[in-house]
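Report on the structure given below.
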């Protein structure tokens, strides 16, 4: 797909999110909502006494499915799977370079995902929330976040490239 058309399409989706839902895009909030609901189901006293969890679960009767970000993330997964299926790209495989084992590839993938999740909480939003929503609103913190993401990606590209050669 043409990257200019994809950018325009993404901008229109962001605009529609603001108009329809009153807020921008993001994904890390859905994870926080689901984890908080899980903790509240297992240990309700702990969730009620913890300021982080209580922010998401409220009085304990709130369902995680009342948070629109949960539906956004479900839609992203379903849309990605549907797109991959229709284009014939869905295959059961692990993409990796010749110099890395499947186990090590999974280790690096989970480590990177964990670091991105931790960074999303530190930065008060994931890349979609910070870069797309915050960047569109010209938030200085969002632009600083994206510069750091690109700098970090550039710095680690050399190390990761060796795994694929």
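Numbering (the working numbering), first residue to last: 6 to 170. The beta-carbon is built from N, C-alpha and C at its ideal position, and this holds for glycine as well. The structure presented is a predicted model; accordingly, all values stated were derived computationally and were not measured.
Neighbourhood of residue i by C-beta distance below 8 Å, restricted to the same chain and skipping five residues each side
i: residue 142; result: 29
i: residue 95; result: 86 and 89
6 Å CB neighbourhood of residue i in its chain, flanking five on each side removed
i: residue 69; result: 38, 39, 42 and 75
Identity of the residue in the options nearest residue i by Cα
i: residue 99; options: 109, 47 and 116; result: 109
i: residue 67; options: 45, 145, 88 and 56; result: 45
i: residue 26; options: 83, 164, 59 and 72; result: 72
i: residue 126; options: 47, 36 and 12; result: 36
i: residue 117; options: 60, 158 and 78; result: 158
i: residue 146; options: 128, 160 and 122; result: 128
Local conformation of residue i per DSSP, three classes
i: residue 96; result: coil
i: residue 138; result: helix
i: residue 67; result: coil
i: residue 6; result: coil
i: residue 54; result: helix
i: residue 170; result: coil
Distance between beta carbons of residue j and residue i, contact taken as under 8 Å
i: residue 8; j: residue 131; result: Not quite, the Cβ-Cβ distance comes to about 21 Å (not below 8 Å), so this is no contact.
i: residue 140; j: residue 151; result: 6 Å
7 Å Cβ shell around residue i - same chain, five flanking residues per side excluded
i: residue 31; result: 74, 130, 131, 133, 134 and 138
i: residue 59; result: 52 and 53
Residue i at chain C interface by Cβ criterion, 8 Å
i: residue 117; result: The structure shown has no chain C; it contains just one protein chain.
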